[in-house]
Each structure stands twice: as structure tokens, then as C-alpha cells.
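Input: a single structure, listed below in C-alpha cells.
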Amino acid sequence: MDDLRPDGWRREGLTMRSPLTTLAALLLCASAQAGSFAENPIVYFAVTDRFANGNPGNDHSYGRAADPQGGDAGSFHGGDIAGITQQLKAGYFRDLGVNALWITAPYEQIHGWVVGGKQQFQHYAYHGYWALDYTTMDANMGTREELREMIDAAHAQGIRVLFDVVLNHPGYADLRTLAQYKVPVLWPGHEKAVLRDYHSFIDYNNFEFKQWWGPDWVRAGLPGYTDGGKDDFTMQLAYLPDFRTESGKAVGLPPILQRKADTRAVALPDTTVRAYLVHWLADWVREFGVDGFRADTVKHVEPASWLALRAAATDALKDWKARHPEQKIDDAPFWMTGEAWGHGPERSSWHDAGFDSMINFDFQNRAADDWKSIDGVYRQYAGLLGKSPRYDILSYISSHDTSLFPRERLKHGLSALLLAPGGVQLFYGDESARPPGAAPVGDEQQATRSDMNWTSMDAATLAHARKLGQFRLRHPALARGEHRLIDEKPYAFARVMQDDAVIAVPEAQGALVLKVHGVFTDGTSVRDAYTNQTYIVKDGAVAVNAAGTVLLEKAAP
Numbered sequence: 000m001d002d003l004r005p006d007g008w009r010r011e012g013l014t015m016r017s018p019l020t021t022l023a024a025l026l027l028c029a030s031a032q033a034g035s036f037a038e039n040p041i042v043y044f045a046v047t048d049r050f051a052n053g054n055p056g057n058d059h060s061y062g063r064a065a066d067p068q069g070g071d072a073g074s075f076h077g078g079d080i081a082g083i084t085q086q087l088k089a090g091y092f093r094d095l096g097v098n099a100l101w102i103t104a105p106y107e108q109i110h111g112w113v114v115g116g117k118q119q120f121q122h123y124a125y126h127g128y129w130a131l132d133y134t135t136m137d138a139n140m141g142t143r144e145e146l147r148e149m150i151d152a153a154h155a156q157g158i159r160v161l162f163d164v165v166l167n168h169p170g171y172a173d174l175r176t177l178a179q180y181k182v183p184v185l186w187p188g189h190e191k192a193v194l195r196d197y198h199s200f201i202d203y204n205n206f207e208f209k210q211w212w213g214p215d216w217v218r219a220g221l222p223g224y225t226d227g228g229k230d231d232f233t234m235q236l237a238y239l240p241d242f243r244t245e246s247g248k249a250v251g252l253p254p255i256l257q258r259k260a261d262t263r264a265v266a267l268p269d270t271t272v273r274a275y276l277v278h279w280l281a282d283w284v285r286e287f288g289v290d291g292f293r294a295d296t297v298k299h300v301e302p303a304s305w306l307a308l309r310a311a312a313t314d315a316l317k318d319w320k321a322r323h324p325e326q327k328i329d330d331a332p333f334w335m336t337g338e339a340w341g342h343g344p345e346r347s348s349w350h351d352a353g354f355d356s357m358i359n360f361d362f363q364n365r366a367a368d369d370w371k372s373i374d375g376v377y378r379q380y381a382g383l384l385g386k387s388p389r390y391d392i393l394s395y396i397s398s399h400d401t402s403l404f405p406r407e408r409l410k411h412g413l414s415a416l417l418l419a420p421g422g423v424q425l426f427y428g429d430e431s432a433r434p435p436g437a438a439p440v441g442d443e444q445q446a447t448r449s450d451m452n453w454t455s456m457d458a459a460t461l462a463h464a465r466k467l468g469q470f471r472l473r474h475p476a477l478a479r480g481e482h483r484l485i486d487e488k489p490y491a492f493a494r495v496m497q498d499d500a501v502i503a504v505p506e507a508q509g510a511l512v513l514k515v516h517g518v519f520t521d522g523t524s525v526r527d528a529y530t531n532q533t534y535i536v537k538d539g540a541v542a543v544n545a546a547g548t549v550l551l552e553k554a555a556p
């Protein structure tokens, strides 16, 4: 455990196993209606800690502090739920046209840090992937009341809230958490541990590790625990403890939660590890009206667990909506997207395991191509997504686990993404040209998670993103329509479905004539949503004056 690389496990090859069941079919039978969220997801992903600091008073909860040795790449920076609420109330997300907000897990994370990269930096759980207690709010993120206010504010604007969730593993056995909850496996002087001697203060041969999560709960390779397995479902990712979600054995509360005074977890009779985790995660939906989950490390958890989570969350959201008719957006069911490293645009067995969509790793690199190549991508995606049974993907151009799209080409990347078939996901700061942060040796992906650049936003890029996002929000045809090439130079295409049609020219300047026959009929008044100019279709064409991009839609009567 000399080099803890929390993100390294995401680079495993993709494997799938198909548990096609009646339950899966029932869960996914909620067919998307034209114009609904499920038909046209436009998701904004914010790493909460790096987005906006609405309450500086919670910045150093549990004794968390800035890293005095390796910079602040892995420290908590202060962003919180209150900061997201401030931006919701300011109309930031509404102006972007997004209809869902994906936030990092707000439940309580391990309190201390672990060794990041090649002994480069103190790595805290600011990203929400190292859970300690699934039933309580992490104090750095805020309070339950602040979470409720944020979700209500989002719902009032028709914006859904999605939680990032992890079913595969809890967090590491870090020095601070072990000390605070009196797990007697530490050597004297551990309070002064630094990067180079961190692990020397943990007695990894001590059987008292049973007082941590306990061997019935996790595989951990520690005394008294089972080692991680060789297959995707039982392996330990980057030395993380692996939940025994496949076990049929009833368990009590893990020992560390039994000693945690502020936990909301209670012992449940005849309950397995899987059932506890599902119960805890579904409770957030039942209490707050969380609309969906983005599930982490999907391929490392057996499909039966995802199906159980989806079923419980679906029931929980239905219950919440029945009790909160004024706060709900609509009666749409719970929604889930999943991350299985390397998944492309094709339908897979994971779509039968509780997932409405899967994150599409194929698009990021292809979005940088020329428009002729991108047209081939659009044609491929539209063809796949038009097949039966229906399914969806979630494409992106930047990610916290891969890289940021080249900052100097963001307008191109945003156009490619926001005009693509299928669901789309904006990564915070792509719309504002947020610069990358520090890239520590051994974990360069930390550079993708820099602070939101509120004081140095690129106004032209932001304006471009807003026009594209609002246009997409109005037009499910972009996500689900038939793709038609109109012209190669300048590149122009149509996307057409019943009751909706658009034409887009992503990069065009000056006067040009667009062929619109078969999309808009002669005499139709059309509007360029990019310039707000209105034109009349004549002889199957429209003469427009382009100002960088053309986004044609039928003009309102």
C-alpha cells in the first residue's frame, strides 16, 4: 500500500454479464415521452467541493486541513451544498439549459487523508468516493436542511438532482478515522504522520481490525478478513475494502458504526450487506426526493445489487412524490446512469440491470475531430439509439476520471457535445473555460478537478454554451431524432422526429443558403436561436446570415 491510487482501478477492461430478468424489464419499461427528461437528459456534473463555497464555516470539518506538504490537489477546498443552492437561485443552471444536476456523494466520508499519487499529496475524500457513513451528511458538504433547500430549489426550476453513489466499497482505513473511532490498530505518534511514513503507523498485522467494518461486511486483505478475489465482482480496487454485496448472510451493523454516536444507521433483522446499502441509499430518495443516481464502478458490483437498488429507489421516489405533490417536478420514475469503464455507445447487458443509460466513454476523443468525422459519429449514435428496445447513453467531453477537453477548442467541443444524439453531460467549468489544476505524479487526473473559475470565466464560451444548452432543452429531436446530413461545407445537418425538427450549422459565418426541404415546408417561419433572427422558407431553402453557429427551429406563432 505504498502508492494509493484511488482512481487507478477505473482503468480496468470492460466485462459484462447478462442477468436479463422480468424485474429488469419492469423497471425499465417506463418509456420516455417526447420532451421528457428521460428522452433528453442534459446533465451538469459538479464536484461539489470544487464548485462554490456557500458556507465557509464548514470548510474544516472533522479537523480536515490544507496539505502543508504537497499543495492542495487532494484537500477539501470549501465547496458545499449551500454554494450550489446560491447558483441555483442565481439562475446559473437554468441559463445553461440543463435539466439535471449530478453532484458528488454528500453522505459522510472518511475524516482523514491517505497517501496520494507517488507519495505526492494528502488525498482526502472530497470527491465522495470513500464513504464512512451512508446515513449522515458529510459536514463539509453541509446539513440535511441545506440539502433539502437545494433540492427544492432545483425542483422549482424543473431541474432534477442526481447523487453519485458507490455500492462497491467504503473508504480506506485512514489514520484519523481509525483514531477517532478507537479502532486499536495504530502505533503511538500517528498524529504526526507525514506522506513518507504514513503506513508505518498502522499495524496491518493486528487482528483488532475486526473493530473496523468487520469481515462479514468487506473483503480487505487484513487479519481476519477475506482477501479480494480475482474477478471483477470480488476484487479490491486500489486496495479499497470491497463490500460483500453478493453474500446471502444476515449481518448486524458494522462495528465502526456501532460506536459512531451520530449515525442514523440502526440494526435491521435478517438483513444482508446488499440490503443495508440499498436501504441506506434509498432513504436519501425517500426523505429528500433525489431524482436519480449516477452509479460508480458498475462493472464491479453484481447486476442483482443494481436491480435491487433501482427497485428500492423507484419505490422511495414514488413515495416521496405522493407526500410532496407541490415540490415534485412530475411523476416520472427514478432514473439511473452508470459508469462501467470503457463502455461505448452500444446497448449492453447493464441496460438490463437497472440502468436507463450508461456513460459513454467513446465520445470524448471523437469530439475533437473535424465535422465530417463527427457526422459519422452522429449517424452511428442516432442509428443505435433508434433501435428497439430503447436505451440511452450519456456522452461527455471532459471528465474527472480522464482529462479536460482542450481549453482552446472548447467552443468546438461544446457544439459537438450539445448537438449529439443521446443524453449529454456537461462537466463543471467546460462552459466557462475553467483551467486545469495541479497534476501530482501518479494521479494526474487531479488536474481535472480544479476550483470553478467564477472570477475568470470566458464570457464568449459561456454565452455559446448557454445558447446551445437552451436550444437543446427545447428540442428532444437532437437527442432522439433521425440524423440527416444537409451539407458538408459548411457542415449542416437536420435532426427530425415526430413533432420536432431542427437544423444546425455548428461553425458558419456570413451569408449562406440552407436546404431545408423535408424538414421545414415553404412559407414556414423559422428562427435562428443563435442570433434570434427570423426567416421564411422559400423554394425549400432558407437564406441566413450566420454569426458563428446556426440553430434553426420553427418560430413560435
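Going by numbering that gives the first Met the number 0, the sequence shown opens with residue 0, and the numbers climb by one from there.
All C-beta atoms, glycine included, are put in the ideal place defined by N, C-alpha and C.
As the structure is a prediction and not an experimental result, all values here were calculated from the model.
- Spatial neighbours of Gly220 in its own chain (CB-CB distance under 8 Å, excluding positions within 5 residues in sequence) are listed in chain order as Asp226, Gly227, Gln235 and Tyr238.
- For Asp151, the enclosing alpha helix (DSSP H) begins and ends at Arg143 to Ala155.
- Taken in chain order, the whole alpha helix (DSSP H) runs of length 4 or more contained in the region 422-497 are 458-473 and 476-479.
- Inside the region 336-416, DSSP marks whole alpha helix (DSSP H) runs of 4 or more residues at positions 362-365 and 370-384, from first to last along the chain.
- Residue state for Glu552 is assigned as strand, using DSSP reduced to three classes.
- His110 places its beta carbon less than 7 Å from that of Thr176.
- The continuous stretches of alpha helix (DSSP H) do not include Tyr534, which lies in the beta strand (DSSP E) extending over residues Gln532 to Ile535.
- Judged by DSSP in its simplified three-state form, Leu267 adopts coil rather than helix or strand.
- Between the alpha carbons of Pro344 and Phe360 lies a gap of roughly 8 Å.
- With fewer than 16 other CB atoms across the displayed protein chains lying within 10 angstroms of its CB, His516 is exposed.
- For Glu286, the enclosing alpha helix (DSSP H) stretches over residues Val272 to Phe287.
- For Ala321, the enclosing alpha helix (DSSP H) stretches over residues Pro302 to Arg322.
- In this structure the region 79-97 touches the region 53-60; the number of beta carbon pairs closer than 8 Å is three or more.
- Across the set Ala294, Ala312, Leu267 and Thr296, the C-alpha of Ala312 shows the shortest separation from the C-alpha of Phe287.
- Separation of the CB atoms of Ala540 and Val512 is rounded to 5 Å, and the pair is thereby assigned contact status at 8 Å.
- Beta-bridge pairing by DSSP links Leu100 to Tyr43 and Val160.
- If you look at Lys88, you'll find it isn't in any beta strand (DSSP E); it sits in the alpha helix (DSSP H) that goes Ile80 to Lys88.
- According to the DSSP assignment, Thr135 belongs to the beta strand (DSSP E) that extends over Ala130 to Met136.
- The DSSP-derived three-state label of Gln326 is coil.
- In this structure, Thr460 lies away from Leu393, with their beta-carbon atoms at least 7 Å apart.
- In this structure the region 157-169 lies against the region 289-308, because at least three pairs of beta carbons, one per stretch, are closer than 8 Å.
- The C-beta distance from Asp391 to Asp355 rounds to 6 Å, short enough to meet the 8 Å contact threshold.
- Going by DSSP, Asp94 is part of the alpha helix (DSSP H) stretching over Tyr91 to Leu95.
- DSSP places Ile201 in no alpha helix (DSSP H); its state is neither H nor E.
- Within the same chain, Val504 and Ala507 come within 6 Å of Pro489 by CB-CB distance, once the 5 residues on both sides are set aside.
- DSSP places Leu177 inside the alpha helix (DSSP H), whose first and last residues are Leu174 to Gln179.
- The shortest CA-to-CA distance from Tyr427 to any of His342, Gln86 and Ala500 is the one to Gln86.
- The beta carbons of Val277 and Ala315 sit about 10 Å from each other, so the pair does not count as a contact at 8 Å.
- Contact between the region 485-500 and the region 530-537 is absent: fewer than 3 CB-CB pairs across the two stretches fall below 8 Å.
- In this chain, the beta strand (DSSP E) harbouring Gln108 covers Tyr106 to Gln108.
- Take Ala124, set aside five residues on each side of it, and the residues of its chain with a beta-carbon closer than 7 Å to its own are Gln108, Ile109 and Gly170, in chain order.
- With contacts defined as CB atoms closer than 7 Å, Gly422 and Pro187 fail to qualify as a contacting pair.
- Around the beta carbon of Phe519, a 10 Å sphere encloses 16 or more other beta carbons of the protein chains shown; the residue is thus reported as buried.
- When Leu174, Ala307 and Trp453 are compared, the shortest CA-CA separation from Trp279 is found for Ala307.
- DSSP, reduced to helix, strand and coil, places Ala542 within a strand of the structure shown.
- For Val182, the closest C-alpha among the options Asp282, Gln257, Tyr128 and Asn98 is that of Gln257.
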